[in-house]
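My numbering numbers the first residue of the sequence shown as 6 and each following residue consecutively. Structure first, then comments.
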Amino acid sequence: MQFPPIEGSNLAKRTFRLPNDLEGELNVVLVAFQRWHQDQVDTWAPLLDELEGTVPGFRYYELPVIRSMNRFSQWMLDEGMRAGIPSQPVRARTITIYTDKEEFRSALQMPEENNIYLMLVTRQGKILWRGRGAYTQETARSLSQAVADQLVAVR
């Protein structure tokens, strides 16, 4: 499965054309559809920070996916998120996607919006692994193994 081409901007005001602008060779994208999903996203930060610090070429991104709206509404929402996120590294890795949510979910075979989705994605858009929901040891082991398998495959 491929990650669909889509454009968004991070909270540092940089435009990204995904997946090509992902900065890692291996990237985890955490896709959130609801504001309350941030709690689920935050459960993954310790593991993903560790992987980013120890695995060369690994990066992760938070992708809030929001229904399309006018530019002023987008600006207001982005400014509100910036105000709530003082950390520059978090702003840099948070890429807001304004799109048709149903179309986006369909392209990625995401049946519902009740959980976050995690994907291990190459810069070319190949999805190597998928998970969903808040951190669990089982899902974390599965993700860590997928990353390790890719490192072995590269060698």
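Every residue, glycine too, gets a C-beta built ideally from N, C-alpha and C. Computed from a predicted structure; not experimentally measured.
Judged by DSSP in its simplified three-state form, F77 adopts helix.
In this structure, L52 places its C-beta atom within 8 Å of the C-beta atom of Y140.
Nearest Cα to P69 within the set K106, Q155, V60 and W49: K106. Taken in chain order, the whole alpha helix (DSSP H) runs of length 4 or more contained in the segment 58-128 are 76-89, 93-98 and 106-112.
DSSP assignment within the segment 7-68 yields the following whole beta strand (DSSP E) runs of 3 residues or more, N-terminal first: 11-15, 20-23 and 31-37. Look at the beta carbons and you see the segment 84-96 touching the segment 12-31: at least three pairs across the two are nearer than 8 Å.
For R110, there are no CB contacts under 6 Å within the same chain when 5 residues up- and downstream are skipped. When the beta-carbon positions are compared, F21 and V126 stay at least 8 Å from each other. With a contact defined as Cβ atoms closer than 8 Å, L23 and Y65 miss out at about 13 Å. A distance below 8 Å separates the beta carbons of T101 and D83.
Residue nearest to P94 within the set T59, D54, L31 and M115 is D54 (criterion: CA-CA distance). With contacts defined as CB atoms closer than 8 Å, V152 and L56 qualify as a contacting pair. Residue range I132 to R137 is occupied by the beta strand (DSSP E) that includes G136. Nearest C-alpha to R135 among S92, W41 and N32: N32.
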